[in-house]
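Okay, structure first, notes after.
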Amino acid sequence: KNEVEQSPQNLTAQEGEFITINCSYSVGISALHWLQQHPGGGIVSLFMLSSGKKKHGRLIATINIQEKHSSLHITASHPRDSAVYICAVSRLWAQKLVFGQGTRLTINP
Amino acid sequence: EPEVTQTPSHQVTQMGQEVILRCVPISNHLYFYWYRQILGQKVEFLVSFYNNEISEKSEIFDDQFSVERPDGSNFTLKIRSTKLEDSAMYFCASSVFVLTDPQPQHFGDGTRLSIL
Numbered sequence: 291k292n293e294v295e296q297s298p299q300n301l302t303a304q305e306g307e308f309i310t311i312n313c314s315y316s317v318g319i320s321a322l323h324w325l326q327q328h329p330g331g332g333i334v335s336l337f338m339l340s341s342g343k344k345k346h347g348r349l350i351a352t353i354n355i356q357e358k359h360s361s362l363h364i365t366a367s368h369p370r371d372s373a374v375y376i377c378a379v380s381r382l383w384a385q386k387l388v389f390g391q392g393t394r395l396t397i398n399p
Numbered sequence: 002e003p004e005v006t007q008t009p010s011h012q013v014t015q016m017g018q019e020v021i022l023r024c025v026p027i028s029n030h031l032y033f034y035w036y037r038q039i040l041g042q043k044v045e046f047l048v049s050f051y052n053n054e055i056s057e058k059s060e061i062f063d064d065q066f067s068v069e070r071p072d073g074s075n076f077t078l079k080i081r082s083t084k085l086e087d088s089a090m091y092f093c094a095s096s097v098f099v100l101t102d103p104q105p106q107h108f109g110d111g112t113r114l115s116i117l
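Chains A and B are the protein sequences, given in the same order.
With the numbering used here applied, the first sequence has no gaps in its numbers, which climb one by one up to 399 at the end.
With the numbering used here applied, the second sequence has no gaps in its numbers, which climb one by one up to 117 at the end.
Structure follows, in structure tokens:
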């Protein structure tokens, strides 16, 4: 069983829609990371959080430690948001990241 | 904003040859990582490096692989005797090091390695 599971695997939406991507994990963590992978392959860190909620522009990330669940929300989605969004965790006492399989998001104009 | 840079962006190599993938981490970062992503699969951890030694490695990181920080700026991944299954995107990442707190990792754009 994967330590980090994301849903959905693929998501297609219309421009302007509110987007939610979910992540569940099964191990003890020190932090959860949301990353964006561009079509060319490069990876950019969006958020790192260990409790509560963080917001950056139209992106919002939340985490529920008790339920071992996190969500990434995109408000007023735009075609330029089209990418693969990856959830990853830092396990307790380790620096390495353990990755989910990613969610491919496509926003149509 | 400081960036992690990786070279080359694409490497094509014959099976059995040795390859060296290069990375320049962000200058004040002390923790370095290599990850790989086989086409269509999730990103996997290979190795982490701190204070001039390997701090953790995965089962993938066997004797075929080695890492080195040959000078104050470069961080390299060497793959000896490459196999077809080594074809993947290899990502370098770096982070500052704080003993008690996790830190964001900054990724390079990756090196796409193709073994023929």
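Just so it is clear, CB atoms sit at the ideal spot from N, CA and C, and this is done for glycine as well.
Problem set entry | Candidates Cys313/A, Val294/A, Pro298/A, Ala303/A, of which the one nearest leucine 366/A by Cα | What you label residue 366/A is simply residue 76 of the first sequence in a count that begins at 1. Here residue 366/A is alanine; the residue named in the question, leucine, does not match the sequence. Here the closest residue by C-alpha is Ala303/A.
For this session: Could you check the C-alpha separation between asparagine 398/A and leucine 47/B for me, to the nearest Å?
Result: Locating residue 398/A in the first sequence gives position 108, counting from the first residue. Locating residue 47/B in the second sequence gives position 46, counting from the first residue. Note on geometry: alpha-carbon atoms of asparagine 398/A and leucine 47/B lie some 36 Å from one another.
Problem set entry | Bridge partners - phenylalanine 389/A, DSSP secondary structure assignment | For this step, residue 389/A is matched to residue 99 along the first sequence. Its beta-bridge partners are Ala378/A.
For this session: Go to methionine 90/B, then tell me how far its beta strand (DSSP E) extends in each direction, as first and last residue.
Result: Locating residue 90/B in the second sequence gives position 89, where the first residue counts as 1. Counting along the chain, the beta strand (DSSP E) containing methionine 90/B begins and ends at 89-96.
Problem set entry | Residue nearest to valine 379/A in terms of C-alpha spacing, selected from Ser340/A, His328/A, Pro369/A | Here residue 379/A refers to the residue found at position 89 when the first sequence is read from its first residue. Taking only the C-alpha atoms, the option nearest valine 379/A is Ser340/A.
Problem set entry | Interface residues of the segment 309-333 of chain A facing chain B [CB-CB below 9 Å] | Ile319, Ser320, Ala321, His323, Leu325, Gln327, His328, Gly330, Gly331, Gly332, Ile333
Exercise. Nearest chain B C-beta to glycine 347/A closer than 9 Å, yes or no?
Worked result: Here the question's residue 347/A lines up with position 57 in the first sequence. Answer no: the Cβ-Cβ gap between glycine 347/A and chain B never drops below 9 Å.
For this session: Tell me, please, whether the segment 11-18 of chain B touches the segment 345-360 of chain A by the rule of three or more beta-carbon pairs shorter than 8 Å.
Result: no
For this session: May I ask which residues mark the beginning and end of the beta strand (DSSP E) holding leucine 1/B?
Result: Outside the modelled stretch of chain B, which goes from 2 to 117, sits residue 1/B, for which no answer is possible.
Problem set entry | Residues from the segment 374-387 of chain A in contact with chain B, defined by Cβ distance under 8 Å | Ile376, Ala378, Ser380, Ala384, Gln385, Lys386, Leu387
Exercise. With which residues is serine 316/A paired in a DSSP beta bridge?
Worked result: Walking along the first sequence from the start, residue 316/A turns up at place 26. For serine 316/A, which the question treats as bridged, DSSP gives no partner whatsoever.
Exercise. Counting contacts by CB-CB distance shorter than 9 Å, is aspartate 64/B in contact with chain A?
Worked result: Position 63 of the second sequence, counted from the first residue, corresponds to residue 64/B. It does not; no Cβ of chain A falls within 9 Å.
Problem set entry | Three-way DSSP call (helix, strand, coil) for arginine 370/A in this model | If you number the first sequence from 1, residue 370/A lands on position 80. Correct three-state label for arginine 370/A: helix.
Exercise. Secondary structure at leucine 339/A, three-state DSSP: helix, strand or coil?
Worked result: Here residue 339/A is taken as the residue at index 49 of the first sequence, counted from 1. Of the three classes helix, strand and coil, the one that applies to leucine 339/A here is strand, per DSSP.
Problem set entry | Three-state secondary structure (DSSP) of glutamate 54/B | Within the second sequence, residue 54/B is the residue found at index 53, counting from 1. Looking at glutamate 54/B - three-state DSSP - the assignment turns out to be strand.
Exercise. Exposed or buried, glutamine 38/B, counting other C-beta atoms within 10 Å across all chains shown (16 or more means buried)?
Worked result: Start at 1 with the first residue of the second sequence, and residue 38/B comes out as number 37. By the Cβ-count criterion, glutamine 38/B is buried, with 16 or more other Cβ atoms from all chains shown falling within 10 Å of its own Cβ.
Problem set entry | Buried or exposed (CB count within 10 angstroms, at least 16 for buried), serine 1/B | With chain B running from 2 to 117 in the structure shown, residue 1/B is simply not present.
Problem set entry | Selection from Leu362/A, Ala384/A, Trp383/A that minimises the alpha carbon distance to valine 374/A | In the first sequence, the residue the question calls residue 374/A occupies position 84. Residue Leu362/A is the option with its Cα nearest to valine 374/A.
For this session: Please go through the same chain and pick out, in chain order, the residues whose beta-carbon is closer than 6 Å to the beta-carbon of phenylalanine 62/B, but skip the five residues on each side of it.
Result: As a first step, residue 62/B is located in the second sequence; it is residue number 61 there, counting from the start. So the list reads Leu47, Val48, once near-sequence residues are dropped.
For this session: Let me know the secondary structure DSSP gives glutamate 307/A once reduced to three states.
Result: On the first sequence, position 17 is the one that residue 307/A refers to. In this structure, glutamate 307/A counts as coil in the three-state DSSP scheme.
For this session: Measure from the alpha carbon of aspartate 371/A to the alpha carbon of each residue in Phe337/A, Arg348/A, Val317/A, Ser360/A, then state which is nearest.
Result: Stepping through the first sequence from its first residue, residue 371/A is reached at position 81. Closest by alpha carbon: Arg348/A.
Problem set entry | Pick from Gly390/A, Ser316/A, Ser297/A that is closest to glutamine 356/A, judged by C-alpha positions | Looking up residue 356/A in the first sequence gives position 66. When each option's Cα is compared against that of glutamine 356/A, the closest is Ser316/A.
Exercise. Glycine 392/A versus chain B: which residues are under 9 Å apart at the beta carbon?
Worked result: In the first sequence, residue 392/A corresponds to position 102, counting from 1. In chain order: Lys43, Val44.
For this session: Report all residues from its chain with a CB closer than 6 Å to the CB of histidine 359/A; omit the five preceding and five following residues, and keep chain order.
Result: Taking the first sequence and counting its residues from 1, the one referred to as residue 359/A is at position 69. So the list reads Ser314, once near-sequence residues are dropped.
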